[in-house]
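Asks: Before we start, here is the structure in question, set down as structure tokens.
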Amino acid sequence: MAKVTIFVENHEDKEFIDFLLKSRYGVELPIGDIGGFILMSGSGNEQSKFEDIFLKSKMLGYTNLVIEDADYKENSTYGFDKQVERLEQLKPILGFEYFLFPDHENDGNLQVLFENCLQENKKQVIDCVNIYHRCLIDKGFEHKTPKTYHSRWNMIESGLLDMKNKRDFSDTNIWYIHDNPHLKRLTDFLDSFFT
Numbered sequence: 005m006a007k008v009t010i011f012v013e014n015h016e017d018k019e020f021i022d023f024l025l026k027s028r029y030g031v032e033l034p035i036g037d038i039g040g041f042i043l044m045s046g047s048g049n050e051q052s053k054f055e056d057i058f059l060k061s062k063m064l065g066y067t068n069l070v071i072e073d074a075d076y077k078e079n080s081t082y083g084f085d086k087q088v089e090r091l092e093q094l095k096p097i098l099g100f101e102y103f104l105f106p107d108h109e110n111d112g113n114l115q116v117l118f119e120n121c122l123q124e125n126k127k128q129v130i131d132c133v134n135i136y137h138r139c140l141i142d143k144g145f146e147h148k149t150p151k152t153y154h155s156r157w158n159m160i161e162s163g164l165l166d167m168k169n170k171r172d173f174s175d176t177n178i179w180y181i182h183d184n185p186h187l188k189r190l191t192d193f194l195d196s197f198f199t
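Position in the sequence shown (from 1) plus 4 gives the number in this note's numbering.
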């Protein structure tokens with residue numbers, strides 16, 4: 005297993021990658037320091053705020069991994085192709101490998117991957133949220149609809165969990181994680197550092 009520092013956008017990304025590391029490889033990483041998870045609080049911050057950490061981590065012999073959203077062309081300045089272009093420019097300067105949610109191929113984010121990791125019988129919640137959004141728009145309340153996939157995902161997830169539960173990716177009644185083809189590219193990426 006390689007020594008790694010994993011740079012992620014936020015706690016939600018860390019939570020999911022942390023689950024995969026523990027369940028697949030028996031690895032638990034700390035948060036907030038080299039050799040663990042570094043939260044970047046949004047994409048595009050690699051060089052401006054974290055350059056010293058990238059360089060120090062690399063100097064100490066750690067492999068830097070960046071895992072973040074590809075995002076959407078229509079909602080941000082990025083999208084998969086632009087994110088790849090941006091990261092490829094930074095890669096020789098900061099020294100890292102990267103993976104873009106949802107599948108390292110398409111526009112999207114972690115919430116899109118989450119939707120693809122739901123058990124089939126739980127995906128009906130997505131239909132309910134979509135019907136709700138369409139109703140708001142049809143009735144002239146489009147300003148009340150979630151503007152981001154993150155907000156939309158919170159609505160979907162609220163239909164899956166009771167108020168006491170927090171997200172538990174090991175709950176196979178809700179999540180389809182083990183051998184999910186939508187996770188193959190991500191797990192192949194992680195396998196190259198943790199097996």
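Every residue gets a Cβ at the ideal spot worked out from N, C-alpha and C, and that includes glycine.
Can you tell which of 14, 67, 33, 171 has its C-alpha closest to the C-alpha of residue 121?
Replies: Checked all of 14, 67, 33, 171; the closest Cα to residue 121 is 171.
Asks: According to DSSP, which residues form a beta bridge with residue 104?
Replies: The partner list for residue 104 (beta bridge, DSSP) reads 72.
Asks: Please go through the same chain and pick out, in chain order, the residues whose beta-carbon is closer than 6 Å to the beta-carbon of residue 25, but skip the five residues on each side of it.
Replies: Once the five neighbours on either side are set aside, the close Cβ partners of residue 25 are 31.
Asks: Between residue 68 and residue 103, how many whole angstroms is the CB-CB distance? I'm expecting something under 8 Å.
Replies: That belief does not hold up - the Cβ atoms of residue 68 and residue 103 are roughly 12 Å apart, past 8 Å.
Asks: Can you give me the C-alpha to C-alpha distance between residue 142 and residue 74, rounded to a whole angstrom?
Replies: So the two alpha carbons sit approximately 30 Å from each other.
Asks: Quick one: what's got a C-beta closer than 8 Å to residue 1's C-beta in the same chain, skipping five residues either side?
Replies: This structure cannot settle anything about residue 1, because the visible part of the chain is limited to 5 through 199.
Asks: Please determine, among 119, 9, 161, the residue with the shortest C-alpha to C-alpha distance to residue 98.
Replies: Among 119, 9, 161, the Cα nearest to that of residue 98 is on 9.
Asks: Verify whether the separation of the beta carbon atoms of residue 33 and residue 41 is less than 8 Å.
Replies: Contact: yes.
Asks: Quick one: grab the DSSP three-state call for residue 10.
Replies: Residue state, collapsed to three classes: strand.
Asks: When DSSP builds the beta bridges, which residues end up paired with residue 67?
Replies: Answer is 8.
Asks: Using DSSP's beta-bridge definition, name the partner residues of residue 42.
Replies: Partner(s): 11.
Asks: In the DSSP assignment, find the unbroken alpha helix (DSSP H) run with residue 182 in it and report its ends.
Replies: Taken as a continuous stretch (DSSP letters only), residue 182 belongs to no alpha helix (DSSP H), as it is neither H nor E.
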